[in-house]
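Working notes, beginning with the structure itself.
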Amino acid sequence: VRPGGAVQVMRNGGEVPIAERPLASRHVLFPVELDSGESMRVYLRESGRAGMVLDLSLWPPARLLDALGMRTVTRSLGMGVTLIVAVFAFFAWRTHRRFGLLYIAPAQIFLIFFLIGYEGFLLDFLPSGSSMALVRATHACGMLSLLFHILFAREFLRLRDRSPLADDFMRVLAAISLGLAVAQGFTDFPLGINLLAIVLVSAITLVAILASWHGDANARGFVAAWGLLWLGTIVHSVQILGWAGLSYVRDLPFFFLIASVLVISYILYRDLKPVCYKNNPAHQTRFCMWDCGV
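In the numbering used here, the protein residues as written are 104 to 397.
Written out as structure tokens, the structure is:
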């Protein structure tokens with residue numbers, strides 16, 4: 104609302120193509136121009152089914168683009184680092200010949216796509232004006248990541264041998280995750296999907312804890328990696344809600360993701376190490392991946 108009473112409506116939501124926005128950014132931006140000594144009263148209305156964080160900082164356009172560009176580079180490098188677990192999964196499969204260990208690779212890839220969609224980068228690949236398509240694609244990637252994490256956990260924890268009942272339960276959870284991923288193509292983000300995701304994650308965590316109770320250090324390491332992955336999400340939600348006096352840190356789940364990847368990579372290394380030493384007596388002092396499983 105201008106001092107003289109004129110009203111200016113600024114529209115720049117997810118339905119506006121990036122090329123038509125005030126700046127070529129995937130973030131929701133509202134242009135505000137003030138002359139020296141001028142003031143403006145701005146009314147914002149937010150609505151949605153999820154927590155939102157509104158950054159009301161005023162940025163000069165060039166400085167904003169520089170900051171967004173640097174943040175994009177940093178996050179992209181970090182998400183690329185998470186793919187290191189795919190390398191360890193390949194060597195684990197090559198050593199043990201257990202195909203299920205490879206599922207951690209697509210789990211991480213879909214998780215990265217989930218983060219990319221969460222940041223709005225999938226808008227470039229979706230039809231303009233279809234904001235729900237972004238939500239559907241993002242949550243479908245999240246459910247597919249959960250699906251492959253379940254399949255990996257079944258194999259890594261050897262549930263088929265240790266606890267057939269737990270293995271059957273994880274099969275059911277995998278089927279539910281797949282069903283939710285497919286359902287994203289036919290429904291506009293049902294209100295119950297968040298609750299179902301929480302139930303799925305809680306159930307997987309419970310099974311992993313029970314499996315590691317009498318398991319080895321590798322099984323307990325998997326529980327630690329899984330816990331780090333979702334602890335970041337929980338703390339992020341607490342920050343958005345303003346609980347516990349925690350200040351908001353936008354990239355917190357991203358840092359927890361990297362920590363989780365480092366832990367899961369290490370336990371895959373620990374799982375490989377005894378086999379490599381056994382098959383290669385000449386390499387008792389170092390880890391040799393290339394000769395494993397020969």
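Beta carbons are placed, not taken as given, at the ideal position from N, Cα and C, and that holds for glycine.
- Under the rule that a run must span 4 or more residues, the alpha helix (DSSP H) segments found entirely inside the region 165 to 223 read 187 to 199, 207 to 221.
- Spatial neighbours of Val184 in its own chain (CB-CB distance under 8 Å, excluding positions within 5 residues in sequence) are listed in chain order as Ile361, Val364.
- Judged by DSSP in its simplified three-state form, Asp270 adopts helix.
- Separation of Ala210 and Gly107 (C-alpha to C-alpha, rounded to the nearest whole angstrom) is 56 Å.
- DSSP places Leu331 in the helix class (H, G or I) of the three-state scheme.
- If you draw a 10 Å sphere on the C-beta of Pro356, you find 16 or more other C-beta atoms in it, and that means buried.
- Counting C-beta pairs closer than 8 Å gives three or more between the region 246 to 263 and the region 275 to 285, which meets the contact rule.
- Taking Leu161 as reference, the option from Leu137, Phe216, Leu249, Thr290 with the minimal CA-CA separation is Leu137.
- The Cβ neighbour count for Thr177, taken over all protein chains shown within 10 Å, is under 16; the residue is labelled exposed.
- Excluding the 5 residues flanking it on each side, Gly203 has same chain C-beta neighbours closer than 8 Å at Leu254, Phe255, Arg257, Glu258, Phe259, in chain order.
- Taking Val104 as the centre and dropping the five residues before and after it, the same chain places the C-beta of Val110, Arg144 closer than 6 Å to its C-beta, in chain order.
- Under the three-state reduction of DSSP, Thr290 is assigned to coil, being neither helix nor strand.
- Of the other Cβ atoms in all chains shown, 16 or more fall within 10 Å of the Cβ of Trp329; this residue is therefore buried.
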